[in-house]
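Its first residue numbered 37, the sequence shown is counted upward by one per residue in the working numbering. We treat Cβ as the ideally placed atom computed from N, Cα and C, and that holds for glycine. As the structure is a computational prediction, the values presented were derived from the model and not from experiment.
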Amino acid sequence: MSSKRRTLKQSWHSNISPQKKKTMTTTTTTTKATSTTMKKSMLLLLTMTASLFLVDLHVQPISAENASDRDDVNNPHAFTFNVAGSSFVSFHPVYSNKQHQRLGLNFRTFQSDSMLLYHTTDNVDPQLHPLLKIYELRAELRQGSLHVHYRLNEFLDNFVIGQNLNDNEWHKLELNMDINTGGFAVSLDFYTSQQGELKAFEPLIRQNALQWEHLPSSIYYGGTDVPQNSEFISFIGCLKDLMYENSDGDYIHVPIETSQNVTEGCHHQCDEEENPCQHNSTCINHYDHVTCECFGTDYEGELCEKEGVTKITLRGYEWLTYQLYIDKLDPAIQIARVSMEFKTERNTGILLYAVGGSPTYSHIIALLNSGFVNVSISSDNVDYDFSISVEMDKDR
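Set out below in structure tokens:
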């Protein structure tokens, strides 16, 4: 999720009359994207080709909280990254020339795009390392998938694995490089793995281009304090069990040397003494802030502090538009709930239209068809259609 508070940009068209009053008929639509995510271009369009009474529109991400969350608050090997652009930890690994490389970590976040790990060399002496020009190993999230890049001079290997990893659940990542064969493996959540031989193995690694005993390097987590050859987004969320294999062949917790704007333990801001969400609304932890979900409370507002819900009247030539993504760096969510209440005398018309952009087309459409509600959901270019067999017209 974004490091900034999620808000909805609202546009009012024509003569729409907001009112404060409750209605008696409720229709709730819950959507869960399990194989793809809605992109940043998604808009919600609410319109009607007849008179429509609309009330209580909610669009919220859904947060799940595990019982183990509280256990990680006092975990000395867990860390909360909650300052966008400046939170990171780092250390200088101790390697031998002929050892395997092994790195591991666990992460949880709402961010669809963020940096997890970055390994680079420090001040390379060209006389001591004539074969080495550029080295970097990078693991990051992009649109909820894990991308791992291994670069040595002009040779670049990319590994892409997983999806919807920004679900705020713990995920375990492990990277392994076999110094004898050049085999590189990316393991995610114990059971999923991608393997391949590095392109740089024969021309460079086998020729000892990486003489680690005399080659200073740094491994960063969550962000860096050095210039990058490519853009990345700093991590907001929790990391724990940062592990690496040292020169003795022991797989140990990394000895953190530098820490900036990082808090020990994985902290859940909704568990703090002053939960800002009111009237039994749901508090959603974004690590650098919280948001409140008012669904089902008959309250609205940023903290669900305003009694009653906003009501509008549409006469057939008006519509509302909501832009879900204000921050360009926040292009995807995994789970969202869209709900509304309405009543109408007409039996046909569009209730809701939401569409996402590339790389895969996705949409959510809800409409009245001959007095019945039809819902169409497209995810990963696969369409799902639902029909609710209850008459919704006749002004009720």
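Measuring only the C-alpha atoms, how far is residue i from residue j?
i	j	result
H303	S423	42 Å
L173	L153	8 Å
S414	N118	34 Å
K45	L356	With a pLDDT of only 34 at K45, under 50, the local geometry of the prediction cannot be trusted, and no value is derived from it.
N202	L209	14 Å
L177	S398	21 Å
Y420	F237	46 Å
I433	L388	Examination of residue 433 is not possible in this model, given that the chain is present from 37 through 432 alone.
V109	C274	10 Å
I215	H250	17 Å
D277	H165	32 Å
W206	F226	12 Å
T346	V184	46 Å
H322	S223	26 Å
Q231	A221	4 Å
R382	G407	7 Å
L403	F191	52 Å
Y335	K342	5 Å
Y257	V411	43 Å
L168	V374	53 Å
N212	Y171	16 Å
G198	Y131	29 Å
D107	P129	29 Å
My understanding is that residue i touches residue j, with C-beta atoms under 8 Å, so please give their C-beta distance in whole angstroms.
i	j	result
F124	E293	Actually they do not touch by this definition, with Cβ atoms about 12 Å apart.
V298	F115	5 Å
P252	N159	7 Å
Q179	S148	5 Å
C19	C313	Residue 19 is absent from the structure shown; the chain starts at 37 and stops at 432.
T156	S254	6 Å
Per DSSP, which one or two residues make a beta bridge with residue i?
i	result
G385	L404
Q296	F124
I288	Y280
D419	S414
C328	C319
E341	According to DSSP, which records beta bridges pairwise, E341 is partnered with nothing at all.
H399	V391 and S414
E310	In DSSP, E310 forms no bridge with anything.
R174	Y154 and H185
L439	Here the chain has residues from 37 to 432 only, and residue 439 is not among them.
T116	C274 and T299
How would you label residue i, buried or exposed, when you count the other beta carbons within 10 angstroms and need 16 or more for buried?
i	result
R242	exposed
I288	exposed
Q137	buried
K134	exposed
F271	buried
G392	buried
G352	exposed
V196	exposed
E338	exposed
D324	buried
Less than 8 Å between CB atoms is the rule here; does residue i satisfy it with respect to chain C?
i	result
D277	This model lacks chain C altogether; it includes just one protein chain.
Legend entry - Entirely enclosed beta strand (DSSP E) segments - the stretch 176-238, minimum 3 residues: Complete beta strand (DSSP E) runs here, min 3: 181-188, 191-197, 207-213, 219-224 and 228-233.
Legend entry - Runs of beta strand (DSSP E) lying entirely within the stretch 242-276, each at least 3 residues, in chain order: Runs of the beta strand (DSSP E) inside the stretch 242-276: 253-257.
Inset, instruction - Go through the stretch 124-153 residue by residue and report every complete run of the beta strand (DSSP E) that reaches 3 residues or more, in order. - result: With a minimum length of 3 residues, the unbroken runs of beta strand (DSSP E) contained wholly in the stretch 124-153 fall at 124-127 and 137-144.
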